[in-house]
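The block underneath contains the structure these notes are about, expressed in structure tokens.
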Amino acid sequence: MTGIGGEKCKRCGIYEQGSLVSDKEFDVWEVCPTDFSASQVYRHFKEKEINATFVCHGCAKFHSGE
Numbered sequence: 186m187t188g189i190g191g192e193k194c195k196r197c198g199i200y201e202q203g204s205l206v207s208d209k210e211f212d213v214w215e216v217c218p219t220d221f222s223a224s225q226v227y228r229h230f231k232e233k234e235i236n237a238t239f240v241c242h243g244c245a246k247f248h249s250g251e
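Numbering (the numbering used here), first residue to last: 186 to 251.
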């Protein structure tokens with residue numbers, strides 16, 4: 186879990202633990218406060234691998250012009 190502050194973007198990733206060589210990377214992407222909808226929700230989807238929903242309390246202000 187992480188927090189998003191200000192207008193900076195964060196690099197996010199989903200990995201598989203336990204690999205002998207290195208963690209398997211399912212997906213890595215950048216998410217910014219402006220990526221969240223007015224209802225403060227961001228959905229990230231990768232077919233047959235990831236279907237995630239993220240909530241950012243306070244990100245709605247980037248859509249309301251505050």
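Note that CB positions come from ideal geometry on N, CA and C, so glycine has one too.
Taking residue i as part of the beta strand (DSSP E), name the residues at either end of that continuous run.
i: C197; result: 195-201
i: H229; result: 226-231
i: I235; result: 235-240
Comparing alpha-carbon positions, which option in the options lies nearest residue i?
i: K233; options: Q202, E192, G198, D212; result: D212
i: Y200; options: V216, C241, I235; result: I235
i: V226; options: Q202, F239, C194; result: F239
Is the distance from the Cβ of residue i to the Cβ of residue j below 7 Å?
i: C244; j: F221; result: yes
i: V216; j: K193; result: no
Compute the beta-carbon to beta-carbon distance between residue i and residue j, rounded to the nearest angstrom, for a pair I have assumed lies under 8 Å.
i: W214; j: C197; result: 6 Å
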